[in-house]
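Here is the structure we will look at.
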Ligand SMILES: [Fe+2]
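In this note's numbering, the protein residues as written are 262 to 570.
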């Protein structure tokens, strides 16, 4: 356990995640506290900060100490107070419109890895938890990288994964039948968005540690390889993420007033779901952008040939 002033940081599992208590994020954050939180985030990758009731503006103020906030692409699903806070919710208004983004993140992913400069840190405040369900699972991608065989580490070193946002380009995911118009949405996004490459092994810009950086949701191939060559590698890597025994994982069940923040550069996560109307889940999300493309952080040139498993 680590303490700064009064703040306490206690691991929630052996492998990833820590609970933070005795801190009020609506107060001004001192430099010492910021450094302690940063250290805790780098050490544990996920922080569960208990007992926070931040207004949307206060959440933006707290989020901004970590870097520049991303602007949500769909202003329709942001709070009235500020468009920097996105609403994740299954609530439907009497006129039939959705209050927030309804079905996000059900497949393992790292936020926005499909864009050139992906999200660095994501912050979720639990405003309303459902009676059941609504958990988030995390897996430690440093630990998965460490657990790979030396042969696999060598084989993927310097390779680049191909990432894309559209589910119709990804045979490992399915489109929810509950979301009206989703098929058209993903057909259009397949045409509108380019493929992006990201290093399969990322050197974290702050810790300097190596992390696996790919996901079943967004990684659809490996640069310079045929599908037949890439699939066995990707399937072997993804098997660690989806391992039913969850050896590298932490599952967070939200308490009221939890504020959870995580580091996308060394984690994958997924929304577990398992709730439905009239049971309402509402989260307020802010996202801190990365400061440069991950492939520049790694400063390696893509390989064009692969030498076998
Ligand atoms: Fe996500």
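In this text, a Cβ means the ideal position worked out from N, Cα and C, and glycines have one as well.
Just to confirm, does residue 530 get its C-beta within under 8 Å of one of the non-hydrogen atoms of ligand 1? Closer than 8 Å to some heavy atom of ligand 1: that describes the Cβ of residue 530.
What residue from 289, 502 and 399 has the CA that sits closest to residue 257's CA? The requested residue 257 does not occur in the structure, where the chain is confined to residues 262 to 570.
How would you label residue 345, buried or exposed, when you count the other beta carbons within 10 angstroms and need 16 or more for buried? With 16 or more Cβ atoms within 10 Å of its Cβ, residue 345 is classed as buried.
Do the stretch 482-501 and the stretch 443-450 make contact, defined as three or more Cβ pairs closer than 8 Å? The stretch 482-501 vs the stretch 443-450: no contact.
C-alpha distance - residue 297 paired with residue 357, whole-angstrom precision: Roughly 45 Å separates the two Cα atoms.
Residue 558 by DSSP, collapsed to three states: which one? Here residue 558 sits in helix by DSSP.
Is there contact between the stretch 453-462 and the stretch 419-431, where contact requires at least three CB pairs shorter than 8 Å? Using a Cβ-Cβ distance cut-off of 8 Å, the stretch 453-462 and the stretch 419-431 are in contact, since at least three pairs of beta carbons, one from each stretch, lie closer than that value.
For my contact list, residue 242 and residue 375 are in at a C-beta cut-off of 8 Å; report their separation, rounded to the angstrom. Residue 242 lies beyond the residue range present for the chain, which begins at 262 and ends at 570; the question has no answer from this structure.
Are the beta-carbon atoms belonging to residue 529 and residue 370 less than 9 Å from one another? Yes, the Cβ-Cβ distance between residue 529 and residue 370 is below 9 Å.
Short of 7 Å in beta carbon distance, which residues of its chain neighbour residue 274, apart from the five on each side in sequence? Order them along the chain. If we look at residue 274 and ignore the five residues flanking it on each side, its Cβ neighbours are 511.
Among residues of its own chain, excluding the 5 on either side of residue 323, which ones have a beta-carbon nearer than 6 Å to its beta-carbon? Cβ within range, chain order: 286.
Nearest-angstrom beta carbon gap, residue 546 and residue 413 [assumed within contact, 8 Å]: Actually they are not in contact, since the Cβ atoms of residue 413 and residue 546 sit about 34 Å apart, beyond 8 Å.
Just to confirm my understanding: we take residue 468, look at its own chain, exclude 5 residues before and 5 after, and list those with CB closer than 6 Å. What are they? If you ignore the 5 residues before and after residue 468, its C-beta comes within less than 6 Å of the C-beta of 303, all in its own chain and listed in chain order.
Would you mind listing the alpha helix (DSSP H) stretches within the stretch 433-473 that are 4+ residues and don't spill past its ends, in chain order? Whole alpha helix (DSSP H) segments, 4+ residues: 443-453.
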